[in-house]
Amino acid sequence: MFSLFYGLWKYLFSKMELHVLILGIDKAGKTTLLEKMKSVYSNIEGIPPDRIIPTVGLNIGRIEVANSKLVFWDLGGQPGLRSIWEKYYEEAHAVIFVVDASCPSRFEDAKSALEKVLRHEDLQGAPLLILANKQVSVTILPVLYNLIACLILL
Ligand SMILES: Nc1nc2c(ncn2[C@@H]2O[C@H](COP(=O)(O)OP(=O)(O)OP(=O)(O)O)[C@@H](O)[C@H]2O)c(=O)[nH]1
Ligand SMILES: [Mg+2]
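Numbering (numbering that gives the first Met the number 0), first residue to last: 0 to 153.
As structure tokens, then:
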């Protein structure tokens, strides 16, 4: 009986852990976004933008918002690394797809990468946020990150 109540208590009061994939082609700004969110939402000082290097593999960031723990998986977007993305789809609850809005010459590449993501059966029904990056003043970034957190928790 105790374990039954303990299980119910844990179910009701433990924080839900949600996995959010950060995808997009190389140089879109995924890791910069992750590091900024870490600085805004946790006490961890994120890596400064000028020290961020292209991602080969995976960066993980954890933040807590409202009643949830968000675990962000930031994957490398270089063409040769995109085939790794789908290994994370099955365990993902939501996707942020980052686009470099200041670079129209790469929109076509971003579009075909996004289409491939959307077609994958493991992501059917998962919430998607498309972030048009590199077009806002840094002063409104905290507002933007609040918006991201709200959308993910919808
Ligand atoms: N102006 C501006 N530059 C940005 C912004 N976000 C990222 N950058 C710059 O864009 C470049 C690439 O940023 P990253 O965060 O490494 O991009 P990424 O999508 O993680 O790239 P990969 O790891 O190779 O897939 C860096 O020079 C950043 O400083 C932004 O919001 N505004
Ligand atoms: Mg990166």
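Quick reminder that beta carbons are idealized off the backbone N, C-alpha and C, glycines included.
Answer yes or no: do residue i and residue j have a C-beta to C-beta separation smaller than 7 Å?
i     : j      : result
Ala93 : Val39  : no
Val88 : Leu122 : In the sequence as displayed, the identity of residue 88 is Tyr instead of Val. Contact: yes.
Glu85 : His119 : yes
Kindly give me the distance between the Cβ atoms of residue i and residue j, rounded to whole angstroms, as I take these residues to be in contact under 8 Å.
i      : j      : result
Ile129 : Phe106 : That belief does not hold up - the Cβ atoms of Ile129 and Phe106 are roughly 12 Å apart, past 8 Å.
Leu32  : Ile21  : 7 Å
Lys29  : Asp73  : 5 Å
Gly76  : Val55  : Contact flag wrong, Cβ pair sits at about 11 Å.
Lys133 : Ser101 : 4 Å
Gln115 : Lys68  : A small correction: the amino acid at residue 115 is Lys; Gln does not occupy that position in the sequence shown. In fact, because the Cβ distance is near 29 Å, the residues do not count as touching under 8 Å.
Phe71  : Ile83  : No, Phe71 and Ile83 are not in contact; Cβ-Cβ is about 16 Å, not under 8 Å.
DSSP on residue i, reduced to helix/strand/coil?
i      : result
Gly76  : coil
Gly6   : helix
Ile46  : coil
Asp25  : coil
Glu85  : helix
Glu120 : helix
Ser67  : strand
Glu90  : coil
Val100 : The question names Val, yet the displayed sequence has Ala at residue 100. Reduced to three states, the DSSP call for Ala100 is coil.
Ala125 : coil
Val19  : strand
Label residue i either buried or exposed according to how many other C-beta atoms from any shown protein chain fall within 10 Å of its C-beta, with 16 as the threshold for buried.
i     : result
Gly6  : exposed
Ala65 : exposed
Ile62 : buried
Met36 : buried
Glu44 : exposed
Less than 7 Å between CB atoms is the rule here; does residue i satisfy it with respect to chain C?
i     : result
Ile43 : Among the protein chains of the structure shown there is no chain C, as only one such chain exists.
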